[in-house]
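Participant:
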Ligand SMILES: Nc1ncnc2c1ncn2[C@@H]1O[C@H](COP(=O)(O)OP(=O)(O)OP(=O)(O)O)[C@@H](O)[C@H]1O
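In the working numbering, the protein residues as written are 3 to 315.
#1: By a C-beta neighbour count over all protein chains shown, 10 Å radius and 16 as the cutoff for buried, is residue 103 buried or exposed?
#2: Between residue 119 and residue 277, what straight-line distance do the alpha-carbon atoms span, to the nearest angstrom?
#3: Quick test of the definition: if touching needs 3 or more C-beta pairs under 8 Å, does the segment 92-103 touch the segment 134-149?
#4: Please indicate yes or no: does the CB of residue 10 lie closer than 7 Å to some heavy atom of ligand 1?
#5: Taking 8 Å as the cut-off, decide whether the C-beta atoms of residue 155 and residue 17 are in contact.
#6: Please go through the segment 148-193 and give each complete alpha helix (DSSP H) segment of 4 or more residues, from N-terminal end onward.
#7: If you run the structure through DSSP and keep just helix, strand and coil, what is residue 293?
#8: Just to confirm the assignment, what range does the alpha helix (DSSP H) spanning residue 94 have?
#9: Could you compute how far the alpha carbon of residue 9 sits from the alpha carbon of residue 47?
#10: Just to check my reading of the structure: residue 110 and residue 199 have Cβ atoms closer than 8 Å, yes? What is that Cβ distance to the nearest angstrom?
#11: Let me check one thing: in DSSP terms, what residues is residue 202 bridge-paired to?
#12: Helix, strand or coil, according to DSSP, for residue 109 in the structure here?
#13: Output the distance between the C-alpha atoms of residue 106 and residue 148, rounded to the nearest integer angstrom.
#14: Hey, quick one: how far does the alpha helix (DSSP H) through residue 288 stretch, first residue to last?
#15: With a 10 Å radius around its C-beta and 16 neighbouring C-beta atoms as the bar for buried, classify residue 246 as buried or exposed.
#16: At what residues does the alpha helix (DSSP H) containing residue 56 begin and finish?
#17: Do you know whose CA, among 288, 256, 113, 265, lies nearest residue 195's CA?
#18: Which residues does DSSP list as the beta-bridge partners of residue 320?
#19: Between residue 154 and ligand 1, is the CB less than 7 Å from at least one heavy atom?
#20: State buried or exposed for residue 173, treating a residue as buried only when at least 16 other CB atoms are found within 10 Å of its CB.
#21: Considering only their Cβ atoms, is the gap separating residue 184 from residue 220 smaller than 8 Å?
#22: Are three or more beta carbon pairs between the segment 45-61 and the segment 79-90 nearer than 8 Å?
#23: Locate the alpha helix (DSSP H) running through residue 246, then write down its first and last residues.
#24: Roughly how many whole angstroms lie between the Cα atoms of residue 157 and residue 83?
#25: Taking 7 Å as the cut-off, is the CB of residue 166 close to at least one heavy atom of ligand 1?
#26: Opposite residue 240 in the DSSP bridges: which residues?
#27: Just the Cα atoms here: how many angstroms apart are residue 218 and residue 180?
#28: Inspect the CB distances between the segment 53-71 and the segment 21-31 and report whether three or more fall short of 8 Å.
#29: In angstroms, rounded to a whole number, what distance separates the CA positions of residue 126 and residue 182?
#30: In whole angstroms, what separates the C-alpha of residue 13 from that of residue 262?
#31: Which two residues bound the contiguous beta strand (DSSP E) that contains residue 73?
#32: Out of curiosity, what's the CA-to-CA distance linking residue 6 and residue 108?
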């Protein structure tokens, strides 16, 4: 199922998908989400849907969503509404995957923005080529394709894509990066900089995945045997909490991931959990001076008692 805004990237993705599926004898759906934020958005969504049906997509849907009243700023609210609508549509149409049109240029922008806000390796890993969205695969097949190529593909297919005014609105950081920062980098450092930023994302994604796996394996260690039999190493899970000795024995990069994952397990909402919270949990292990409990988002509090980190009231 192609998620198509009518913009050049997802229109090129739709053209390519229609080409491939017709030759493979497969069927693809196309969904366009109408955020209802601009005048004429419903007509635009209908035009995208009409075009999609004309090139063989089946089923085709233009889905109106309500953005107002959702948490976060307008961009985050629109994004949340869009992803919800896309995953609902994928389930309705029993699609095996949702295809998004993010390009190598989008990836380079994402990496630069992450670098600028100090996001750490997870942010620098950029957008994954594949992830799970509420049980449906979310795929980004154009991450190695440039924006210039998607524009060329649309032109070669005789299509006039919609230009989202947000993409050139200088009040958005991403639009400023797109208009000013990346061109300046290319001028100063050469055209390879875009590929190199995207490559950095791929390398960090692989490293991050390996560290995440180590953290998950550490958290998956079984609780101590109930018969009191001796174990040859400190177990991480200990009486409803985590053992300080076992935590201290982990490399810092694994420990911070363990603490992040455990905080989520305790009910801290992932979006609100920042590196400051994880640092404060880490300090309970590595910079212990009898400090009080650490308050996490979602009303969760964690303290150190008897050699363990524990949720406290
Ligand atoms: N209104 C929408 N309806 C359906 N899918 C959307 C919509 N907006 C975005 N998407 C999907 O999310 C991807 C990323 O969108 P975003 O607006 O962040 O980037 P973009 O580079 O401007 O993409 P495009 O040129 O396709 O608009 C799009 O390529 C498309 O697959």
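C-beta: ideal position from N, C-alpha, C; glycine also.
Note that the structure is a prediction, hence the values are computed from the model and not measured.
Facilitator: If we stick to the structure as given:
#1: As a working note, residue 103 is residue 101 in the chain shown. It is buried - the Cβ of residue 103 has at least 16 other Cβ atoms within 10 Å.
#2: As a first step, residue 119 must be located in the chain shown, where it is residue number 117. As a first step, residue 277 must be located in the chain shown, where it is residue number 275. The alpha-carbon atoms of residue 119 and residue 277 are separated by roughly 12 Å.
#3: yes
#4: As a first step, residue 10 is located in the chain shown; it is residue number 8 there, counting from the start. Yes - ligand 1 has a heavy atom lying nearer than 7 Å to the Cβ of residue 10.
#5: Within the chain shown, residue 155 is the residue found at index 153, counting from 1. Within the chain shown, residue 17 is the residue found at index 15, counting from 1. Contact: yes.
#6: DSSP runs (the alpha helix (DSSP H)) wholly in the segment 148-193: 149-158, 175-178, 184-191.
#7: For the purposes of this step, residue 293 is taken as residue 291 along the chain shown, with counting starting at 1. Coil, per DSSP.
#8: Residue mapping note: residue 94 aligns to position 92 of the chain shown, counting from 1. Residue 94 -> alpha helix (DSSP H) spans 76-94.
#9: In the chain shown, residue 9 corresponds to position 7, counting from 1. In the chain shown, residue 47 corresponds to position 45, counting from 1. The straight-line gap from Cα to Cα measures roughly 11 Å.
#10: Position 108 of the chain shown, counted from the start, is the residue given in the question as residue 110. Position 197 of the chain shown, counted from the start, is the residue given in the question as residue 199. Yes, they are in contact, since the Cβ atoms of residue 110 and residue 199 sit about 4 Å apart, within 8 Å.
#11: In the chain shown, residue 202 corresponds to position 200, counting from 1. Answer is none; residue 202 lacks a bridge partner.
#12: For the purposes of this step, residue 109 is identified with residue 107 of the chain shown, where counting begins at 1. Here residue 109 sits in helix by DSSP.
#13: Position 104 of the chain shown, counting from 1, holds the residue named residue 106. Position 146 of the chain shown, counting from 1, holds the residue named residue 148. Going from the Cα of residue 106 to the Cα of residue 148 covers about 5 Å.
#14: Indexing the chain shown from 1 puts residue 288 at position 286. Element bounds for residue 288: 277-288.
#15: By one-based count along the chain shown, residue 246 stands at place 244. With 16 or more Cβ atoms within 10 Å of its Cβ, residue 246 is classed as buried.
#16: Reading the chain shown from its first residue, position 54 is the one you call residue 56. Run containing residue 56: 43-56, per the alpha helix (DSSP H) assignment.
#17: Counting from 1 along the chain shown, the entry for residue 195 is found at position 193. Of 288, 256, 113, 265, the residue nearest in Cα terms is 113.
#18: Outside the modelled stretch of the chain, which goes from 3 to 315, sits residue 320, for which no answer is possible.
#19: Along the chain shown, one-based indexing puts residue 154 at 152. No, since every heavy atom of ligand 1 falls outside the 7 Å radius drawn around the Cβ of residue 154.
#20: Taking the chain shown and counting its residues from 1, one reaches residue 173 at position 171. It counts as exposed.
#21: Mapped onto the chain shown, residue 220 falls at position 218. Mapped onto the chain shown, residue 184 falls at position 182. Not in contact: residue 220 and residue 184 (Cβ atoms no closer than 8 Å).
#22: no
#23: For the purposes of this step, residue 246 is identified with residue 244 of the chain shown, where counting begins at 1. Looking at the DSSP string, the run of the alpha helix (DSSP H) that includes residue 246 is 246-250.
#24: For the purposes of this step, residue 157 is taken as the residue at position 155 of the chain shown. For the purposes of this step, residue 83 is taken as the residue at position 81 of the chain shown. Using only the alpha carbons, I get a separation of about 30 Å.
#25: Counting from 1 along the chain shown, the entry for residue 166 is found at position 164. Because some heavy atom of ligand 1 lies under 7 Å away, the Cβ of residue 166 counts as near it: yes.
#26: Here residue 240 refers to the residue found at position 238 when the chain shown is read from its first residue. According to DSSP, which records beta bridges pairwise, residue 240 is partnered with 243.
#27: In the chain shown, the residue the question calls residue 218 occupies position 216. In the chain shown, the residue the question calls residue 180 occupies position 178. Rounded to whole angstroms, residue 218 to residue 180 spans 36 Å at the Cα level.
#28: yes
#29: In the chain shown, residue 126 corresponds to position 124, counting from 1. In the chain shown, residue 182 corresponds to position 180, counting from 1. Distance between the alpha carbons of residue 126 and residue 182: 20 Å.
#30: Counted from its first residue, the chain shown places residue 13 at position 11. Counted from its first residue, the chain shown places residue 262 at position 260. Each residue's alpha carbon lies about 38 Å from the other.
#31: Counted from its first residue, the chain shown places residue 73 at position 71. Element bounds for residue 73: n/a, residue is neither H nor E.
#32: As a first step, residue 6 is located in the chain shown; it is residue number 4 there, counting from the start. As a first step, residue 108 is located in the chain shown; it is residue number 106 there, counting from the start. Roughly 16 Å between the two C-alpha positions.
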